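Worksheet: one structure, shown below.
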Amino acid sequence: MGQKTNPLGFRLGTTQSHHSVWFEEPKNYSVSLQEDEKIRNFFQNYVQNSIDNYIKKKKNKNKKKAKKINKNRSKSPSRNTNKRNNNKGYEGVVRVEIKKQIVHTKRTFIKLERFSDPLQIQKAIIRVIIYSGSLPKFLLKKEIWERDVKKQEFFYIYSKKIIIQFKKVQRPYSQPNLIAKFITLQLKERIPFRRIMHQAIELARKEKNTKGMRIRIAGRIEGKDKARKVGRRKGKLPLQRIYANIDYCCHTIQTIYGVLGLKIWILRK
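If you read the sequence shown in the working numbering, its first letter stands for residue 2, the second for the next number, and so on.
In structure tokens, the structure reads:
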């Protein structure tokens with residue numbers, strides 16, 4: 002049987018780069034690795050949850066406005082009440098990059114002993130770059146970030162300066178993470194999976210830099226007793242070529258019938 006590899010790890014150093022860039026001594030490597038995971042999980046979950054809450058509030062406001070309009074137009078009810086949500090799902094986090102730099106500073110406020118090392122204080126500068134499709138304006142305020150970041154454990158390991166940057170992705174539907182977000186929103190609303198896959202491929206193909214795409218969904222699709230795998234493919238997708246610019250995403254979807262597995266491959270120019 003064929004052994005499948007992760008397309009991202011298979012292309013490290015050619016078309017893909019590391020999402021964490023830092024160096025550490027061997028004795029402190031495990032601590033820094035755990036810290037890196039905590040920072041990434043915190044920022045990814047915090048940004049995604051705040052975006053989801055913002056979307057829910059926006060939906061509730063629109064519903065209240067629609068109710069007021071329906072009361073005023075009691076003779077002719079509005080046609081948009083039975084329409085489902087057409088949220089495209091580009092409000093999400095694509096990836097989080099962490100770049101750490103440790104700066105050694107002199108101890109000027111303490112009298113140095115004869116054999117003491119003047120470069121003993123370490124100050125870490127952590128640069129967190131968050132790539133996303135779109136962000137609400139309230140997330141860009143520093144006061145909100147400083148208040149929530151200082152409550153976390155990784156802030157107190159040693160003295161740090163955390164610099165947060167937001168970068169907007171130019172072509173959101175060429176990113177498999179945002180396509181996965183779109184598919185999860187549609188599956189939770191019980192839209193037929195074949196229509197969802199067709200819409201997702203059309204959205205990706207509209208971007209100029211996409212040459213091919215593949216989607217695969219596995220599990221109890223539409224609540225059927227027997228689990229199965231369903232997929233759709235369009236365009237080129239040379240998985241065996243190392244220099245092919247292929248992006249990959251693996252995502253789990255929680256539905257009322259159970260857990261579904263989702264895999265997306267996208268070939269860019």
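Built from N, CA and C at the ideal position, the CB exists for glycine as well.
Computed from a prediction, not measured in an experiment: that's the story for all the values here.
Residue(s) in a DSSP beta bridge with residue i
i, result
"residue 266", "215, 249"
Alpha-carbon spacing of residue i relative to residue j, whole angstroms
i, j, result
"residue 38", "residue 178", "19 Å"
"residue 172", "residue 6", "27 Å"
"residue 22", "residue 129", "11 Å"
"residue 244", "residue 218", "26 Å"
"residue 11", "residue 65", "50 Å"
"residue 135", "residue 170", "8 Å"
"residue 229", "residue 32", "41 Å"
"residue 273", "residue 36", "Summary: the structure shown does not reach residue 273, with the chain confined to residues 2 through 270, and so no result is reported for it."
"residue 269", "residue 13", "16 Å"
"residue 183", "residue 41", "22 Å"
"residue 99", "residue 187", "31 Å"
"residue 212", "residue 201", "14 Å"
Per-residue DSSP class, three states only, for residue i
i, result
"residue 93", "coil"
"residue 196", "helix"
"residue 258", "coil"
"residue 104", "strand"
"residue 18", "coil"
Beta-carbon contacts of residue i that lie in its chain and below 6 Å, excluding the five residues immediately before and after
i, result
"residue 174", "204, 205, 208"
"residue 233", "198, 216"
"residue 17", "9"
"residue 97", "41, 44, 45, 131"
Same chain, Cβ closer than 7 Å to residue i, five either side skipped, listed in chain order
i, result
"residue 8", "240, 247, 249, 266"
Contacts around residue i, its chain only, beta-carbon distance under 8 Å, and the 5 residues preceding and following it disregarded
i, result
"residue 19", "13"
### Task
Taking 8 Å as the threshold, find out whether the stretch 255-267 comes into contact with the stretch 185-205 through three or more Cβ pairs.
Cβ pair count under 8 Å is three or more, so yes.
### Task
Count the CB pairs spanning the stretch 245-253 and the stretch 194-203 that are closer than 8 Å, and state whether there are at least three.
Too few Cβ pairs lie closer than 8 Å, so no.
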